[in-house]
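Quick note, the sequences are listed as chains A and B, same order. Start counting the first sequence at -5; every next residue gets the next number (our numbering). Start counting the second sequence at 328; every next residue gets the next number (our numbering). See below for the structure under consideration.
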Amino acid sequence: MTTANGSNATEPIRVDKAQYGLAAALALVGIYTLVDARGLNVGFGDPVGPRVFPYVIGTAMILLAVLLALATARGDVAEGEAGEDIDLTSPPDWVTVGKLVAVLLLNVLFVNVLGWPVTGALLFAGCAWALGSRTLLRDLLVGAALSVGSWYFFYVGLDVPLPPGILDGIL
Amino acid sequence: MDTLNLLLDGMANALTPENLAFAAIGVLLGTFVGVLPGIGPAMAVALLLPITYGLEPTQSFILFAGIYYGGMYGGSTTSILLNTPGESASVMTAIEGNKMAKKGRAAQALATAAIGSFVAGTIGTLLVAFLTPWLAEIAVEIGAASYFAIMLLSLVLVTAVLGSSKLRGFIGLFIGLTIGLVGLDLSTGQARLTGGILQLADGVDIVVVAVGIFAIGEALWIAAHLRRQPIDVIPVGRPFMSRDDWARSWKPWLRGTALGFPFGALPAGGAETPTFLSYVLERRLSRKKEEFGHGAIEGVAGPEAANNASAAGMFVPLLALGLPVTATAAVLLAAMRTYGIVPGPTLMTDQPELVWTLLASLLIGNTLLLVINLPLAPMWAKLLQIPRPQLYAGILFFASLGAYAVNQSAFDVALLLVFGAVGFAVRRFGIPILPLILGVIIGPLMETKMREALDLSNGDISGLFNEPLAIAIYVLLAIILIAPPVIQRVRGAPLVPRELDEQETRR
């Protein structure tokens, strides 16, 4: 997906610093893969063993990380993915992303305690709020309908009982 | 005609009222989800996977067949009515389709897309029915070494040939391969890359990976760059075509099908190339060349047919070899595995009823798609006006629900978030997603075959080269990798056809 916006080769080299971060992360993953593979035992009479594949993958990962770092230094710039609702001309909106992640994390923490019918509703309303909706009450109602509805759909329709949480006995 | 009889048997299985209802539900759900902006077919299938949990394998496959074609069709509706295509396979449809819509011919664009998809899907599925048994018969004879070579070939093709940057392609592939390593080693039972976390011992559920990377990653990425001003949605009436539209559409449909199917069936992955080729071909053959770029119906009919034909073609390697070549195929493979069904050469003989019912339901789903969706098009178009906060909140809701429902464990939802972060990073850094997903699925298969081959040769590396087919594939692989740069150097010009360049800059 390329959106050619007429950039010329004569521009000064722009370094995408975040790409060094990606290269570092890839290198760490590669190293961890190698270290982890060293701890495996090769069984007697097993000519290949469980180590070979991780060794190859880990080594390749480190190599790719180095290549990426080199490319970055030479001015290789990542092109973000385009899409229907994506406006790549604006700077990334980290506040919205942070709010969304927080809402998703709250769901992870409380889903077993409160149950999906409750956290699901909060998840929907919370995400809509984070994305800029200002009709909180309506979002909560829609969320509640979705989460209770999906709970019943799984329970009755699919025979998959999701834990009801604090609403046990009511649903 | 043995195949025809088997297919008719499959029809009989699929045509019970209950199964027809499942097919209809699948088509409706698939189109519904596929029309929503930001959701491609792979994500539609991944998001809808949980609703099949309580069903029998046959019924869930019928449901999937509907979802699959519905999702494909929904995607093309979106790209015709909005200016920006959701996935790379719809780029070509969007060029002419959106121009047509702007000239008030949205109804004709949607009609030629729908009927073209039907024609291509039907021919494609019939070809799958005839080719798969034949290929499976040959594939039974293939040894582990050749299997390994085939998988390597398909990964390299997807990674190095498609996409703009080889480096990024390989980064995606190896991220996927690393994810595929997580879990117990199959032959020695030792934990790999689990970091001591018990829940990871069984490996990472591919549903969680796919939903995390497609749904959560996409939603977070969109949240970071949300278009604040609403985009224009073009209103549409009931799709229909005039006699002239028919006359201009039927040849592009057939040519698109002929281009799309082989690309889908070969492990060259994806509908991007055939849709592009079809567009170029139609422009060259058209008697109204001046209309191209201003809403030529051939430019919608051809690429749409190519897109759907390649979507059908992908079932050949999936069913006959157990080899997924697109992201959607990878998710389908994962879905089959949850039922303990392992696609591969023996599937046709082990569970013929299942395969033939699946193929028959693909044909039925395709027909239902046409019957249901032509009248419903105005309603689908309204979906594009759902306010974005609620739309993406809904996607995050269903993604979380899907991951939670797999094992009813909060750990899976946390894992989903982790893959969501990976999905976000991958989009930020322009790393292609297809090699990543295929790496997760094909990586473990490759390791199994490699160890099988080397066990036989007692660890000697020659075990990977002891079959003529394997050697032939390695030669082919070398040619594919070495030839383009060499030719480029000899000719002193980029290998990319001029028309491709024109297109790229015009967008």
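Where is the CB? At the ideal position from N, CA and C, for every residue including glycine. The structure displayed is predicted, hence computed values, not measured ones.
Counting only runs that start and end inside the segment 350 to 419 of chain B, the alpha helix (DSSP H) elements of at least 4 residues fall at 368 to 375 and 384 to 408.
At a cut-off of 7 Å between beta carbons, G503(B) makes no contact with chain A. At a cut-off of 7 Å between beta carbons, V29(A) makes no contact with chain B.
Of the residues S789(B), L648(B), V813(B) and N700(B), the one whose Cα lies closest to the Cα of I465(B) is L648(B).
No residue range can be given for A542(B), since it is assigned to no alpha helix (DSSP H) and is classified by DSSP as neither H nor E.
It is roughly 11 Å from the alpha-carbon of L355(B) to the alpha-carbon of Y395(B).
For the segment 353 to 387 of chain B, the set of residues with a beta-carbon nearer than 9 Å to any beta-carbon of chain A comprises P364, G365, P377, I378, T379, Y380, G381 and L382, in chain order.
Membership of R570(B) in the alpha helix (DSSP H) is indicated by the continuous run R570 to A592. Take the alpha-carbon of F147(A) and the one of W110(A): they are about 13 Å apart. Among the residues of the segment 147 to 162 of chain A, those with a Cβ less than 9 Å away from any Cβ of chain B are F147, F148, G151, L152, D153, V154, P155, L156 and P157, in the order of the chain. Listed as beta-bridge partners of L511(B) by DSSP are A518(B).
Taking each of K709(B), Q815(B) and L690(B) in turn and checking the Cα distance to N340(B), the smallest one comes out for L690(B). By the rule that beta-carbons nearer than 7 Å mark a contact, E774(B) touches chain A. Straight across, the Cα-Cα distance linking K11(A) with D70(A) is about 10 Å. Here V643(B) has V455, L458, T459, L462 and A592 as same chain residues with Cβ atoms under 7 Å from its own Cβ, once five neighbours each way along the sequence are excluded. Looking at R778(B), D739(B) and R432(B), the one whose alpha-carbon comes closest to that of V627(B) is R432(B). The Cβ atoms of L61(A) and L494(B) lie closer than 7 Å to each other.
If you look at N793(B), you'll find it isn't in any alpha helix (DSSP H); DSSP assigns it neither H nor E. Not one beta carbon of chain B lies nearer than 7 Å to the beta carbon of G15(A). Distance from V534(B) to G367(B) at the Cβ level is roughly 16 Å; contact not present, criterion being Cβ atoms closer than 8 Å. Within the segment 604 to 634 of chain B, not one residue has a Cβ closer than 8 Å to any Cβ of chain A. Excluding its 5 nearest sequence neighbours in each direction, K93(A) has C-beta neighbours in its own chain below 7 Å: A124, listed in chain order. The beta-carbon of Y400(B) is placed no less than 7 Å from the nearest beta-carbon of chain A. Per DSSP, reduced to three states, the secondary structure at L453(B) is helical. By the neighbour-count definition (other C-beta atoms within 10 Å, threshold 16), D133(A) is a buried residue. From the listed residues K578(B), R664(B), G622(B) and H621(B), the smallest Cα separation to S605(B) is found for K578(B). In terms of CA proximity to F104(A), F738(B) leads the group A476(B), M777(B), F738(B) and F756(B). Taking each of M478(B), I549(B) and V418(B) in turn and checking the Cα distance to K776(B), the smallest one comes out for M478(B).
The beta carbon of A373(B) sits closer than 8 Å to those of V534, A537, V538, F541, A542, V658 and G729, all from its chain and outside the five residues before and after it, given in chain order.
Per the coordinates, the alpha-carbon of P364(B) lies some 34 Å from the alpha-carbon of L161(A).
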